[in-house]
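In terms of the UniProt record's numbering, the sequence shown has 65 at position 65, counting the first letter as 1, and numbering is strictly consecutive.
A virtual CB, placed ideally from N, CA and C, is assigned to each residue, including glycine.
Okay, structure first, notes after.
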Amino acid sequence: MLVGGGITYAALSNGDPEPIASSQTPTPTPTPTLTPTPTPTPTPTPTPEPAEVPTSTPVKAMLDGWQGADSRAVADIMPQIGEAADGRMSAFINAPKVSEATNALTVEVPVEAGTEYTLTAQVRQGTIDLAEANAELVIGDETVPFGEINGDWSEIEGSFRADSDTATLAIRVTGPVDALGIDDISLAASGGENVVPNGSFEQVSSDWGVRNNTLLLRETGAAMGVSLPDGDASWSVSARDGSEVASGTEKVEDGFARIALDDVTQGYYTFSVTDSAGRSVSTPFGVIDYAGATIATDDRFGVATHVDQDWYVDAADAVSATGFGLARNDVLWDQNETTPGQYSFSSHYTDEFGKFSSHGVQLLGIVNYGNPLYDGGNTPASPAAVEAFGAYAAAIAQNFDVAGLEVFNEFNHDRFQTGSCGSAPACYQPLVKSTADHVAAVDPDLPIVAGSTANYDGDWFRGLWPTGAADSADAMSFHPYNKWIYDTPESLSNVMTEADGDMETLAGKVLPIWITEFGWTTGAELGQQVSRDVQAERLWRAELTAFGYGAEKYFWYDLIDDSTDGNNHEGNFGMYERKRDGVAAQPPKPAAFAQALLINTLDGREAAGRTDAGDGVRTAVFGSDDSTVTAVWSFDGDREATIEASGPVTVTSLTGEVSTLEPTDGSVKVTVGSSPLLIEQATADSDEPTPSPSPSESGTPTPAATASTKPEDD
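Structural data, given as structure tokens:
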């Protein structure tokens, strides 16, 4: 029992018995003949058994009687159904980033002044091993730390003396927390009843329908949380081809049910449910075999967002659930500086960028475009406008959680170019320098990204590097919508090689390459559409090629379809659909499933170039000699890929199927086509693949046209 801060608290667990000392005086005995005494073998301290990651299902709903923190401060606060310590429901808090100690949940409790109360709660978090939880119960001025907990429910206890007739009870997070669970909170005087309203979180309110907070489900414990009228609800899961995978009936009680999808393995599906009154809803969803409570975010991967549009409210949920570590978004100058030198950022930026940050997602801010206060709102060209542009960039850096600032969007594109100087590289360089100079005064380590061109425009870049722009930049970027790249994403290999060579020759340095916008539309309006499945395939092919040839970051365009018209060209680049009635989370297209599957399979392994896997076989290698993932595919018909292996390998397909192969004579062979396979191996003595300095695969596509298929929005 520890005492501190005026409150007594303890984590209740089984401890080892204290040694018992004897107080009796021993009777003298004759001196024995000395014989060697064996040294006793120490008894090892028992290692705590690891727990399982909780498989409860968080649902978008209200915890009645409790007040939750703003999602800009704490990412996710909601009930979860299943595996509760008491009843069916418990509270769920997930907070990848916490800037300061915050009361995540609070409730007012009636107490009697001068009375001593015992405070208890059941707590857990989304970890296998015991780890300190950055959380505590707070009542009045007293605190009860959660201590070291894991995925199993543990009880914490403290005492509290009331000094008035009401008290505020809070669940406070003091740092990041991972799938924190709280249940069965009790505050009771000796012999008295619990005075905490809804202390077991069984009273929950929600809109009708499928209420999961994400539709990219963890394979272990995959389930749908539904809010429907009481009675029997019938449900089914179908595969991509429409065949039924699972079905059943679930009893809905008190307005909620958890429909377990125990037989649904990794893949992309459609879920349908019909309630007891005959009302139905369906949604696509994905199942991915990730190890933790969520897919770990990867800051090599980013996605374009448009938070000024109302369908992007709470888009941080989908961004982080997919595994993206970055989001790229305009920060429009004319909206945020309406008085010279004074900055007041629009609420859609402060709200949604704040949610990005709390979800562990950083912003790549685009410093865009003109401002009526300077040069008549045209692209900045005069010294005063260029200076003001840089000062505005510094204000963005000061106000938001940014991973970098990109100087303008597609300066070389006539649509975005209205300045008196024009779109020449020499007109762009002053903006890069002004941005870098002003930002250095507030955050000298913040990357400045230069280029951001419509298409890959080699001639434009060859004009930029002699201006000295590279001296003010930390990375270069482009949007490779050139038709020959759009049709064959492996053409990025040519672009990456050319860009590196031009920088080395003309700038005297090679900046990291960030592909800050690239994607495919599923809308047929202009005849440039691909199917949803091909969109997912192109995503893998483009990202794997880019990273295989040294790209540092890749941003998919874009997160959510901008139109509900499936034929619209501009509105169907998204990897998620727009929200559906009766579905709380963003419905994923196959591209979202593929993106999350790729991020999860790579599991943070660093890009390691390419390897030779056979004639016409494309590759990208990630990881080191003790743990690698090698992507293999071909855009030129079926090919046989050969990968060295000293033990079993796991093969994951674009659609999520997993198989295991045993090596023969030190290698495995697979037949590959245009859909990449990810070959994962973990061996202690395998040779690290040697990155290729130049393309080694045959069949490298040759540029054939330069027409742009660039989307009309950035």
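Please name the residue, chosen from THR545, GLU552, LYS589, GLY623, that lies closest to LEU559 on a Cα-to-Cα basis. Among THR545, GLU552, LYS589, GLY623, the Cα nearest to that of LEU559 belongs to LYS589.
By the 10 Å Cβ neighbour count, where 16 or more other Cβ atoms means buried, how is ASN412 classified, buried or exposed? Per the 10 Å Cβ criterion, buried.
Q. Taking the beta strand (DSSP E) that THR660 falls in, what are its first and last residues?
A. Looking at the DSSP string, the run of the beta strand (DSSP E) that includes THR660 is 658-661.
Contact set for HIS306: own chain, Cβ-Cβ below 6 Å, skip 5 residues either direction: Cβ neighbours of HIS306 beyond the five flanking positions: TYR312.
Assuming contact is defined by CB atoms lying nearer than 8 Å, are TYR269 and ASN600 in contact in what I supplied? Against a cut-off of 8 Å, the Cβ pair of ASN600 and TYR269 comes out as no contact.
*Within the stretch 511-592, note down every full alpha helix (DSSP H) run reaching 4 residues or more, in order along the chain.*
Within the stretch 511-592, complete alpha helix (DSSP H) segments of at least 4 residues are found at 532-548, given in chain order.
Q. Comparing alpha-carbon positions, which option in VAL245, GLY323, ALA316, ILE81 lies nearest SER205?
A. Minimum Cα distance to SER205 is reached at ILE81.
key: Expected contact under 8 Å - CB spacing of TRP465 and LEU506 to nearest Å   = In this structure TRP465 is in contact with LEU506, their Cβ atoms being roughly 4 Å apart against a cut-off of 8 Å.
task = Check the C-beta distance from ASN213 over to PRO58 and give it rounded, since I have them as a contact under 8 Å.
result = 5 Å between Cβ atoms; contact.
For PRO28, count neighbouring C-beta atoms within 10 Å of its own C-beta (all shown protein chains included) and say buried if the count is 16 or more, exposed if not. Note that PRO28 scores 37 on pLDDT, short of 50, meaning its location in the model is unreliable and no value can be drawn from it.
Would you mind stating whether THR297 and GLY325 have Cβ atoms separated by less than 8 Å?
Yes, the pair counts as a contact, with Cβ atoms nearer than the cut-off.
query: Based on the DSSP output, what are the partners of GLU244 in its beta bridges?
result: Under the DSSP definition of a beta bridge, GLU244 partners with SER238.
*asked:* Restricting to runs no shorter than 3 residues, where is the beta strand (DSSP E) found entirely within the stretch 253-317?
replied: Whole beta strand (DSSP E) segments, 3+ residues: 256-260, 267-274, 280-288, 298-304.
Requested in this report: May I ask which residues mark the beginning and end of the alpha helix (DSSP H) holding ASP178?
Outcome: Here ASP178 belongs to no alpha helix (DSSP H); instead the beta strand (DSSP E) covers 177-189.
Practice item. Give the DSSP-derived three-state secondary structure of ASN501 in the structure shown. Key: This sequence places Gly at residue 501; Asn is not what is there. It is helical.
Practice prompt. Tell me whether TYR343 sits in a helix, a strand or coil according to DSSP, three-state version.
Written response: DSSP places TYR343 in coil when its eight states are reduced to three.
Residues in the same chain with beta-carbon distance under 6 Å from SER234, minus the five sequence neighbours each way, listed in chain order, please. If we look at SER234 and ignore the five residues flanking it on each side, its Cβ neighbours are THR249, THR274.
Quick check on the burial criterion: 16 or more other C-beta atoms within 10 angstroms. Buried or exposed for LEU446? So LEU446 counts as buried.
> Out of SER320, VAL287, GLY292, which has the shortest C-alpha to C-alpha gap to GLY302?
Replying inline: Nearest option by C-alpha distance: SER320.
Completely contained beta strand (DSSP E) runs for the stretch 443-474, where each covers 3 or more residues: If we require 3 residues or more, the beta strand (DSSP E) runs fully inside the stretch 443-474 come out as 448-454.
Could you please give me the residues that DSSP links to THR249 through a beta bridge? DSSP lists SER234 as the beta-bridge partner residues of THR249.
Are the beta-carbon atoms of ARG328 and TYR554 separated by less than 8 Å? Cβ atoms of ARG328 and TYR554: not closer than 8 Å.
Checklist line | SER434, enclosing alpha helix (DSSP H) - first and last residue | finding: In the DSSP assignment, SER434 falls within the alpha helix (DSSP H) that extends over 425-440.
Legend entry - Residues bridged to TYR117 [DSSP beta-bridge criterion]: TYR117 is bridged to PHE160, ALA189.
GLY4 in three-state terms, based on DSSP = A caution first: GLY4 carries a pLDDT of 31, below 50, which makes its placement in the model unreliable, though a value can still be read off. Reduced to three states, the DSSP call for GLY4 is strand.
Between the beta-carbon of VAL449 and the beta-carbon of THR516, is there less than 8 Å? Result yes, Cβ atoms of VAL449 and THR516 sit closer than 8 Å.
Exercise for review: Please report the residue range of the alpha helix (DSSP H) in which HIS396 lies.
Suggested key: Here residue 396 turns out to be Ile, not His, going by the sequence shown. Where ILE396 is concerned, the enclosing alpha helix (DSSP H) stretches over 383-399.
- request: Could you pull out every residue in the same chain whose Cβ sits closer than 6 Å to the Cβ of GLY607, ignoring the five residues on either side in sequence?
  value: Looking at the sequence itself, residue 607 is Ala, so the reference to Gly does not match. For ALA607, where only same-chain residues beyond five positions count, the Cβ hits under 6 Å are PHE547, PHE622.
Alpha carbon to alpha carbon, how far is ARG88 from SER686? Give it in angstroms, no decimals.
Confidence at SER686 is low in this model, with a pLDDT of 41, below 50, so the placement of that residue should be treated as unreliable; the coordinate-derived value is given next. Spanning the alpha carbons of SER686 and ARG88 requires a straight line of approximately 48 Å.
_Here's the rule: buried if 16 or more other CB atoms are within 10 angstroms of the residue's CB, otherwise exposed. What is GLN398?_
Exposed, because fewer than 16 other Cβ atoms sit within 10 Å of the Cβ of GLN398.
Exercise. So, using beta-carbon positions, are GLY147 and ILE128 closer together than 8 Å?
Worked result: Result no, Cβ atoms of GLY147 and ILE128 do not sit closer than 8 Å.
Query raised in the report: Around the Cβ of ASN494, are there at least 16 other Cβ atoms within 10 angstroms (buried) or fewer (exposed)?
Result: Buried, by the Cβ-count rule.
Margin query: As an exercise, report each continuous beta strand (DSSP E) stretch of at least 3 residues that is fully enclosed by the stretch 597-629, in chain order.
Written below: Here the runs fully enclosed are 618-624.
If we ignore side chains and look at the alpha-carbon of each, how far apart do ASP184 and THR166 end up?
The straight-line gap separating the alpha-carbon atoms of ASP184 and THR166 is approximately 20 Å.
Going along the chain, which residues of its own chain have a beta-carbon closer than 7 Å to the beta-carbon of LEU654, five neighbours each way excluded?
-> Excluding residues within five positions, the ones whose Cβ falls inside 7 Å are ALA536, GLU537, TRP540, ALA594, SER675, PRO676.
Specify the secondary structure class of SER357 as computed by DSSP and reduced to three states.
Helix.
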